[in-house]
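Below is one structure, written out as structure tokens, with a few remarks after it.
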Amino acid sequence: MPNNVLILDFGSQYTQLIARRVRELNIYSEIYPYNKIPKNLDSFGGLILSGSPFSVRDHNSPRIDLLKLFNNFPVLAVCYGAQLVAQEMGGSVVSSNIREYGRANLNLNNKKSILFKDVKNKSQVWMSHSDTIKKLPNKSTLLASTDDVENVAFKYYENVYCLQFHPEVYHTTFGEKILENFLINICNLKQIWTPASFIDEAVNKLKSEIKNDKVILGLSGGVDSSVAAAILNKSIGKNLYCVFVNNGLLRKNEFNDVLNQYKKMDLNVIGVDYSEDFYKNLKGIIDPEIKRKIIGRVFIESFEKESKKIKNVKWLAQGTIYPDVIESISATGGPSSTIKSHHNVGGLPEKMKLKVIEPLKLLFKDEVRKVGGFLGIDKSILGRHPFPGPGLGIRILDEINLENINILQEVDDIFISGLKEEGLYDKIWQAGAILLPVKSVGVMGDERTYEKCVALRAVESTDGMTADWVNLPYNFLQDISNKIINRVKGVNRVVYDISSKPPATIEWE
Ligand code: XMP
Numbered sequence: 003m004p005n006n007v008l009i010l011d012f013g014s015q016y017t018q019l020i021a022r023r024v025r026e027l028n029i030y031s032e033i034y035p036y037n038k039i040p041k042n043l044d045s046f047g048g049l050i051l052s053g054s055p056f057s058v059r060d061h062n063s064p065r066i067d068l069l070k071l072f073n074n075f076p077v078l079a080v081c082y083g084a085q086l087v088a089q090e091m092g093g094s095v096v097s098s099n100i101r102e103y104g105r106a107n108l109n110l111n112n113k114k115s116i117l118f119k120d121v122k123n124k125s126q127v128w129m130s131h132s133d134t135i136k137k138l139p140n141k142s143t144l145l146a147s148t149d150d151v152e153n154v155a156f157k158y159y160e161n162v163y164c165l166q167f168h169p170e171v172y173h174t175t176f177g178e179k180i181l182e183n184f185l186i187n188i189c190n191l192k193q194i195w196t197p198a199s200f201i202d203e204a205v206n207k208l209k210s211e212i213k214n215d216k217v218i219l220g221l222s223g224g225v226d227s228s229v230a231a232a233i234l235n236k237s238i239g240k241n242l243y244c245v246f247v248n249n250g251l252l253r254k255n256e257f258n259d260v261l262n263q264y265k266k267m268d269l270n271v272i273g274v275d276y277s278e279d280f281y282k283n284l285k286g287i288i289d290p291e292i293k294r295k296i297i298g299r300v301f302i303e304s305f306e307k308e309s310k311k312i313k314n315v316k317w318l319a320q321g322t323i324y325p326d327v328i329e330s331i332s333a334t335g336g337p338s339s340t341i342k343s344h345h346n347v348g349g350l351p352e353k354m355k356l357k358v359i360e361p362l363k364l365l366f367k368d369e370v371r372k373v374g375g376f377l378g379i380d381k382s383i384l385g386r387h388p389f390p391g392p393g394l395g396i397r398i399l400d401e402i403n404l405e406n407i408n409i410l411q412e413v414d415d416i417f418i419s420g421l422k423e424e425g426l427y428d429k430i431w432q433a434g435a436i437l438l439p440v441k442s443v444g445v446m447g448d449e450r451t452y453e454k455c456v457a458l459r460a461v462e463s464t465d466g467m468t469a470d471w472v473n474l475p476y477n478f479l480q481d482i483s484n485k486i487i488n489r490v491k492g493v494n495r496v497v498y499d500i501s502s503k504p505p506a507t508i509e510w511e
């Protein structure tokens, strides 16, 4: 019996959330753009149609051959999906006098409907639409309304369920229950997708694909590359060669600390120090884009040099995760500045004639963490904040030299250790310090000083695409600022960055 869920994306901002909510119910789901429907429909046991920024009344809005799909499995159509079903099957959709954005309360018309089993009447649902379904298609049964909108939930024939509201968002109180009712009671799917089952399946697949070949993988100290390494290690053991390059732009003690963690994981890891090469190439460079390019190039050169020492390598493993894959096949193009975890190795596979293997490409970040936990990876790696490939290089807004690196490492260490000691680190998405190209006058003891200024940045985010600064307690900032100025020679001023993204970015360069 097929046990996967197909999600067709019409470009809604919530599509990834649908996939995650389905997977949280331990059922595997995959997103496809509406215009790239997979051929193997018989491997799916249910279909969900997403919302969309388009209106079904637009001539160029996304369309699909619904009837062809309806024969295969039960369908849940959300928002735009529901309007599409209504319009294409002979009902009508009109621009609404009353827009519904945000909360509304559900009036259940049909208390026996399986979709709304154990859902409370009058419970809150989350709306986001300006069109409304005026007339239902023939053979439809109305299931629910709100005070403002009549046709909020309906069933078309026996197996097509349509919802004007979003069951996937957390503000829909019984959203999870509705999804569960659809997946388990209507599609008859089984809740068997777990980190353990993913690992078993992935290990078998990796074993049969790689056989006795050798694989290299660039470790960065981050979550994705570490979990990719752990799962490959479980699959092919010592045929996995991990290379961890020290670019001299890591955090204080990071190279050795992380290397020790990797050794504890029993990885076949080669730690190599190329700091001098990076420093030599970066000497005198201030322009951020040139810095980035140099850091990227020297990384590839050093990784290539080390990889060539390992004979007969056939594969390059990468820690690509599902959001990267979705962006690259997105129907609507997707945001242009996606964060790619280790695209530092871009160009290498062709140059070295390597095949690429991406063991995590079906997982979301939180699933990567869960899988990592199952594989016994230490919390210090799994809970790490994201850290950019060019490292402190793009947080020194000045020339990258040893003096500046040492200052920034010390400042960053005081800040990050402080966050950990106060239990704040795990509540924050990303934090770090930035060395500004500014000197200012200060007074220490009876002496006038003229020293450097550092900025502290801490942000909340879910994916790095948007972010807001964290409201850190004043007494914490006071304490950290004191420690930095007292302990780090050369710094006499600390500022806290209170800019959101957009319009600012997380990194300063
Ligand atoms: P921005 O500064 O664009 O950063 O708001 C968003 C996220 O991406 C990380 N970042 C990078 N990661 N190489 C990377 O591997 C890079 O060149 C790079 N630039 C930014 C940044 O730390 C944040 O998490």
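Numbers 3 to 511, taken from my numbering, label the letters of the sequence shown in order.
C-beta atoms are modelled at their ideal positions from N, C-alpha and C, and glycine is treated no differently.
Just to confirm, are residue i and residue j a CB contact at a threshold of 9 Å?
| i | j | result |
| --- | --- | --- |
| ARG495 | SER442 | yes |
| PHE118 | ALA146 | yes |
| VAL245 | LEU208 | no |
| ILE500 | TRP471 | yes |
| GLY224 | GLY375 | no |
| LYS313 | LEU356 | no |
| ASP380 | LYS254 | no |
| ILE416 | ILE486 | yes |
| ILE288 | PRO439 | yes |
| ILE50 | VAL77 | yes |
| ASP149 | ASN109 | yes |
Tell me, to the nearest whole angstrom, how far the beta carbon of residue i is from that of residue j; I am working on the premise that it is less than 8 Å.
| i | j | result |
| --- | --- | --- |
| ASP133 | VAL162 | Their Cβ separation, rounded to whole angstroms, is 19 Å, which puts ASP133 and VAL162 out of contact at 8 Å. |
| GLY53 | TYR16 | 6 Å |
| LEU27 | LEU185 | 6 Å |
| ALA84 | ILE135 | 7 Å |
| ASN73 | ILE194 | 25 Å between Cβ atoms; not a contact. |
| PRO390 | GLU509 | 6 Å |
Name the DSSP bridge partner or partners of residue i?
| i | result |
| --- | --- |
| ASN109 | SER147 |
| CYS455 | ARG495 |
| HIS61 | Per DSSP, none; premise fails for HIS61. |
| LYS357 | TRP317 |
| GLN432 | VAL461 |
| PHE156 | LEU144 and CYS164 |
| LEU51 | LEU10 and ALA79 |
| ILE39 | ILE39 is not bridged to any residue. |
| TYR34 | LEU10 |
| ILE186 | None; ILE186 has no bridge partner. |
| SER442 | GLU453 |
| VAL127 | ALA106 |
When every heavy atom of the ligand XMP is checked, does at least one fall within less than 8 Å of the C-beta of residue i?
| i | result |
| --- | --- |
| ARG386 | no |
| ARG489 | no |
| ALA435 | no |
| THR134 | no |
| ARG253 | no |
| GLN432 | yes |
| ILE396 | yes |
| THR322 | no |
| PHE75 | no |
| ALA230 | no |
| GLU509 | yes |
| PRO390 | yes |
| ARG450 | no |
| ALA469 | yes |
| LYS503 | yes |
| GLY349 | no |
| GLY223 | no |
| ARG371 | no |
| GLY220 | no |
Measuring only from the beta carbon, is residue i closer than 8 Å to any heavy atom that is part of the ligand MG?
| i | result |
| --- | --- |
| PHE417 | The ligand MG is not part of the structure shown, which contains the ligand XMP as its ligands. |
Using a Cβ-Cβ distance under 9 Å, would residue i count as near chain C?
| i | result |
| --- | --- |
| LEU138 | The structure shown has no chain C; it contains just one protein chain. |
Exercise for the section: Could you tell me which uninterrupted beta strand (DSSP E) segments, each at least 3 residues in length, are contained entirely in the stretch 211-254, listed from first to last along the chain? Expected result: 216-221 and 242-248
Exercise for the section: Output the residue ranges of the alpha helix (DSSP H) runs that lie fully inside the stretch 78-124 and measure 4 residues or longer, sorted by chain position. Expected result: 82-90
Problem - Minimum length 4: unbroken alpha helix (DSSP H) runs contained in the stretch 240-322 - result: Complete alpha helix (DSSP H) runs here, min 4: 256-266, 277-284 and 290-310.
Problem - Entirely enclosed beta strand (DSSP E) segments - the stretch 459-486, minimum 3 residues - result: none
Handout entry: Completely contained alpha helix (DSSP H) runs for the stretch 365-423, where each covers 4 or more residues
Key = 367-376, 381-384 and 404-423
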